[in-house]
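Heads up: the structure comes next, in structure tokens.
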Amino acid sequence: MGMSFALTTFAPVYAAYALEVAPGSLPAPRTLASLGQAEGYAAIAILGSFIFLLFPNGRLPSRRWRPLAWSIVAVGVVLVILAVFLTYPAAHYRNPIGIGGAVGETICVLFRGGELLLYGAVVLSALSLVYRYRGAGFEERQQLKWFAYAAAH
């Protein structure tokens with residue numbers, strides 16, 4: 007996750023410098039910008055899912071939540087792999103290694119579908135907090151209340 011956020015933060019600055027400030031000074035700016043933006047979406051959704059799913063003690067609420075956790079990981083890995091082949095993952099830059107045509111459209115549809123699955127996983131993970139609250143002790147309930155308060159503001 008840390009590497010994904012580092013790439014997401016570094017890539018647009020690198021591309022802006024290499025394309026606008028000093029054109030041609032750095033290698034592969036469009037590729038790096040495209041990969042950084044596309045993988046950033048997947049990283050945020052995965053992190054959002056696991057924050058809800060593992061808060062506050064770092065464990066799943068019960069064994070019944072394992073399929074959701076594994077599906078988040080699987081879909082996240084597929085999204086990171088598909089992001090490499092998207093033609094226009096970044097707002098202003100065309101990915102030079104992106105695949106076009108019918109295959110590219112299929113990749114784009116699969117990527118968008120995977121994003122929707124991850125957003126659904128975020129919602130289910132947030133519902134895990136309700137499940138966790140119902141069976142929690144006093145201290146854990148207080149932590150969940152503070153988390154809900156912080157998320158609301």
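The sequence shown begins at 7 in our numbering and counts up one residue at a time. Cβ coordinates follow ideal geometry from the N, Cα and C atoms, glycine included.
(request) Just the C-alpha distance for Phe16 and Gly110, rounded to the nearest angstrom, thanks. (result) 26 angstroms
(message) Let's see if you can read the secondary structure: which residues bound the alpha helix (DSSP H) around Val109?
(response) Gly107 to Arg140
(request) Using a threshold of 7 angstroms, state whether the C-beta atoms of Leu150 and Phe117 are closer than that. (result) no
(request) Classify Glu145 as buried or exposed, calling it buried when 16 or more other Cβ atoms lie within 10 Å of its own Cβ. (result) exposed
(request) Give the straight-line distance between the Cα atoms of Pro33 and Ala24, rounded to the nearest whole angstrom. (result) 8 angstroms
(request) Out of Gly54, Ala39, Pro35 and Ala28, point me to the one whose CA is closest to Met7's CA. (result) Gly54
(message) Within 10 Å of its beta-carbon, does Ser40 have 16 or more other beta-carbons around it, so buried, or fewer, so exposed?
(response) buried
(message) Let me check understanding here. Comparing Cα to Cα, which of Ala80, Glu45 and Thr93 lies closest to Gly106?
(response) Thr93
(message) Among the candidates Pro67, Trp76 and Arg100, whose CA atom is the shortest distance from the CA of Ala127?
(response) Trp76
(message) Report the CB separation of Ile78 from Leu124 in whole angstroms; it is logged as a contact under 8 angstroms.
(response) 7 angstroms
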